[in-house]
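Chains as they are written, first to last, in this note's numbering: chain A, -6 to 270; chain B, 59 to 518.
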């Protein structure tokens, strides 16, 4: 091991520590050591391609060796959360084949990442499973592994932060409001690298917005009410935009907001981080 | 695509003003809990400790039950074992009949609710009077508890005032001041305490090392119920046994902080024996499924529950659908799971009432994996024959599309055609998404069709 290298605590591959300049660190980490597989979840692919574009541009801007493997579809989460986990098994096998060559699998989606990380070992029982330990949401990947120091994009707007449940309580992107632990928020930390942005949080900062996958079509009334309550709390901050680490929450809230004629806009956090790149 | 819960929730949500009040009231309970939890530096350590004690006790329950029963008998209590609800009711009725009891006053017990004890005794000529104020209100109203700790919080003070007027408890029509109504309830209950021949309590904890039954209340009604009559019956589920006072100290710091946002309940009473030489103290230990649940590898940890009710207060679905939208007598996250253990054919309709947000398992003082368990129950609905057919069809269609790349490609590439369809057609009753949402606009090209251009652009 070179003197400026250390082992990453998550995946035990060599990365370069903080004690050398960031440009050099990116260079060595990105070009020599890490291979990143970009996971663009099905609903991002089909409904929010701009989130995929922003993810790609951002990772490339940071000098990383990124590949977008072809033939990706879905991780299996929607069926599994609905109670049909076995239908996710063939998808998990394909996923494992497609992504096993990478050091990191990075996705702009906390719920898909959490599903892979927490369930794939069980779903792939009897088969090799390397992907569960390597899957990272793009926010935690940037925050914990890449650690960019230089300013990213510019976004001169007031933004209300949507802390998606699976980001908070499964991936640990921020301290859950229920727990008496030191407060932190990795999304806020990253947004601090964006110029001219003002970041605020709504009242009840990590209460669920009511999407929940199939929940939104099975429990339509509760889901819509939760969405409306959440959107109104975001609006009450005076923000122009709601941003978060999961397009599914944003899609749900945007649908509710439009139905109710409420004017607030929604952007995935990578779109803001990559603004102007 | 609806369930028993979703239908009742929809009806509940029709009254916007009421549901906002309901949500804010129970969120208020969550906020009070947060103030308490964040006031103790060691809160997370306490949760870890509490979970570990319960895991240990529940997995060594046979030893602790015997120890408890031996010590209780040594103290002079009579210990009974009830295998199920029917046997429990028979035992209680037998004791009461043996003492010619006409009226039983009782403090709060969800176990007697579980066993249907009140109607059983009433059908056999025994008057049962609830003495917890909330329980008394819903008893007079002919309702069931809508929450396990705050059973009547769904009612307003006007509703309570009118009820008390009807029942002759309040003598000032139109005076719905909560302090006044509480005063009137106290006067009325005082008379019940003095004229009852037996008192019943539940039990928050049973202490194996000493044989104590520990009851936590805010109103002192358990003490009144046991200080006036000479006969005391305590009903307690098997899982409520804990090893000793050191363990009690851990739970006692968490129960009221989690449940009601208080540092402690106003009264914490320990019962060991009959209050006087010619009195009797009976303890009924109730199984009613619990010894089977211990053996369930996916769900045994629900037996760690100390019934603080905080999972209901934090649950965004409970707050917006109310206790009566669940088919089981215990609502909210813990109730979904307990109902499924009791009878999946009756209670599968509650499993939909969860977004898997996991707030419940982060708030739970004994760290029960409540949300993860809901996920596991959903996987079993097909086995129970209670899975939704339309949901299965939808998932089958999705997995075919995701499993065949050509199909997926065609579907995502043509999705934008939906944008051009007439609004009324897309937002018809067949599209449940459109009930609460405007449809999203699909892009001309999905990301996987744009990606090639991105790469080219970068190279140039």
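Ideal Cβ placement from N, Cα and C applies to all residues, glycine included.
Quick caveat: nothing in here was measured; it's all calculated off a predicted structure.
With C-beta atoms as the reference, is residue 154 of chain B less than 7 Å away from residue 184 of chain B? Contact: yes.
Just tell me which of B:385, B:446, B:376, B:332 has its CA closest to the CA of residue 417 of chain B. Checking every option, the nearest Cα to that of residue 417 of chain B belongs to B:376.
What are the boundary residues of the alpha helix (DSSP H) that includes residue 358 of chain B? Looking at the DSSP string, residue 358 of chain B is not in any alpha helix (DSSP H), and its letter there is neither H nor E.
Can you find the residues in the same chain that come closer than 7 Å, C-beta to C-beta, to residue 151 of chain A, ignoring five residues on each side of it along the sequence? So the qualifying residues of the chain are 191, 193, 231, 232, 233.
Determine the contact status of residue 348 of chain B and residue 297 of chain B, defining contact as a CB-CB distance below 7 Å. Taking 7 Å as the cut-off, the Cβ atoms of residue 348 of chain B and residue 297 of chain B count as close.
Pick helix, strand or coil for residue 147 of chain A, following the three-state DSSP scheme. In this structure, DSSP gives residue 147 of chain A an extended state, which the three-state scheme calls strand.
Three or more C-beta pairs closer than 8 Å, one from the segment 43 to 52 of chain A and one from the segment 434 to 451 of chain B: is that the case here? As far as the Cβ criterion goes, the segment 43 to 52 of chain A does not touch the segment 434 to 451 of chain B, which means the pair count is below three.
Using three-state DSSP, classify residue 78 of chain A as helix, strand or coil. In this structure, residue 78 of chain A counts as helix in the three-state DSSP scheme.
Test item: CB-CB of residue 342 of chain B and residue 140 of chain B under 7 Å: In this structure, residue 140 of chain B lies closer than 7 Å to residue 342 of chain B by Cβ.
What three-state label does DSSP hand residue 329 of chain B in the structure shown? Three-state result, residue 329 of chain B: strand.
Members of the segment 69 to 90 of chain A that neighbour chain B once the beta carbon cut-off is set at 9 Å: The segment 69 to 90 of chain A vs chain B, Cβ under 9 Å: 69, 71, 72, 73, 74, 75, 76, 77, 78, 79, 80, 81, 83, 84, 87.
Status (buried if at least 16 other CB within 10 Å, exposed otherwise) for residue 121 of chain A: Exposed: under 16 other Cβ atoms inside 10 Å.
What is the rounded straight-line gap between the Cα of residue 74 of chain B and the Cα of residue 389 of chain B? So the alpha carbons of these two residues sit roughly 21 Å apart.
Classify residue 122 of chain B: buried if its beta carbon has 16 or more other beta carbons within 10 angstroms, exposed otherwise. That one is buried.
So, residue 176 of chain A versus residue 168 of chain A, is the Cβ gap smaller than 7 Å? If you check the CB distance, residue 176 of chain A and residue 168 of chain A come in under 7 Å.
Let me know the secondary structure DSSP gives residue 283 of chain A once reduced to three states. Only positions -6 to 270 of chain A appear in the structure, and residue 283 of chain A is not among them; the question remains open.
Note down, in chain order, each residue of its chain lying with its Cβ closer than 8 Å to the Cβ of residue 24 of chain A, except the 5 sequence neighbours on either side. Residue confidence is low: residue 24 of chain A scores 47 on pLDDT, short of 50, so the model does not pin down where it sits. No coordinate-derived value is stated.
Check whether the segment 411 to 429 of chain B touches the segment 465 to 477 of chain B, taking contact to mean three or more Cβ pairs, one atom from each stretch, closer than 8 Å. Flag = no, the segment 411 to 429 of chain B and the segment 465 to 477 of chain B do not touch.
Are residue 316 of chain B and residue 215 of chain A closer than 7 Å when you measure CB to CB? Contact: no.
Excluding the 5 residues flanking residue 249 of chain A on each side, which residues of the same chain have their C-beta closer than 7 Å to its C-beta? The residues 217, 220, 221, 224, in chain order, have a CB closer than 7 Å to that of residue 249 of chain A in the same chain once the five nearest residues on each side in sequence are set aside.
Consult DSSP for residue 394 of chain B and reduce its assignment to one of helix, strand or coil. Three-state DSSP puts residue 394 of chain B in a helix.
Delimiting residues of the beta strand (DSSP E) encompassing residue 294 of chain B: Here the beta strand (DSSP E) through residue 294 of chain B covers 289 to 295.
Give me the chain A residues within the contact set of residue 437 of chain B, using Cβ-Cβ distance strictly less than 7 Å, ordered along the chain. Near residue 437 of chain B (Cβ distances below 7 Å), the residues of chain A are 76, 78.
Once you ignore the five residues that flank residue 136 of chain A on each side, which residues in its own chain have a CB closer than 7 Å to its CB? Only 179, 182, 183 meet the Cβ criterion.
Looking at residue 496 of chain B: is its Cβ nearer than 7 Å to the Cβ of residue 260 of chain A? Taking the C-beta atoms as reference points, residue 260 of chain A is found no nearer than 7 Å to residue 496 of chain B.
For residue 186 of chain B, write down the residues that DSSP places opposite it in a beta bridge. According to DSSP, residue 186 of chain B shares a beta bridge with B:162.
In the structure shown, what three-state DSSP assignment does residue 203 of chain A receive? Looking at residue 203 of chain A - three-state DSSP - the assignment turns out to be coil, as it is neither helix nor strand.
Beta-carbon of residue 480 of chain B versus every beta-carbon of chain D: anything under 7 Å? Absent here is chain D; the protein component of the structure consists of chains A and B.
On the premise that residue 394 of chain B lies in contact with residue 360 of chain B, defined as a C-beta separation below 8 Å, what is that separation, rounded to the nearest angstrom? In fact, because the Cβ distance is near 10 Å, the residues do not count as touching under 8 Å.
Please list the residues of the segment 212 to 235 of chain A that have a C-beta atom closer than 7 Å to any C-beta atom in chain B, keeping them in chain order. Under the 7 Å Cβ criterion, the segment 212 to 235 of chain A contributes 212, 213, 214, 215, 216, 217, 218, 219, 220.
Between the Cα of residue 319 of chain B and those of B:398, B:94, B:271, spot the shortest distance and give me the residue it belongs to. Residue B:94 is the option with its Cα nearest to residue 319 of chain B.
For a contact meaning CB atoms closer than 9 Å, what does residue 156 of chain A contact in chain B? Within 9 Å Cβ-Cβ: nothing; residue 156 of chain A doesn't reach chain B, min ~11 Å.
Hey, does residue 444 of chain B have any beta-carbon neighbour from chain A nearer than 7 Å? Under the 7 Å criterion on CB atoms, residue 444 of chain B is classed as non-interfacial with respect to chain A.
From residue 265 of chain B to residue 314 of chain B, what distance separates their C-alpha atoms? Each residue's Cα considered, the two are about 18 Å apart.
DSSP three-state assignment for residue 24 of chain A, whether helix, strand or coil: Unreliable placement is indicated for residue 24 of chain A, whose pLDDT of 47 sits below 50; no coordinate value is reported for it.
Got a sec, what are the start and stop residues for the alpha helix (DSSP H) residue 139 of chain A sits in? Counting along the chain, no alpha helix (DSSP H) covers residue 139 of chain A, and no H or E run does either.
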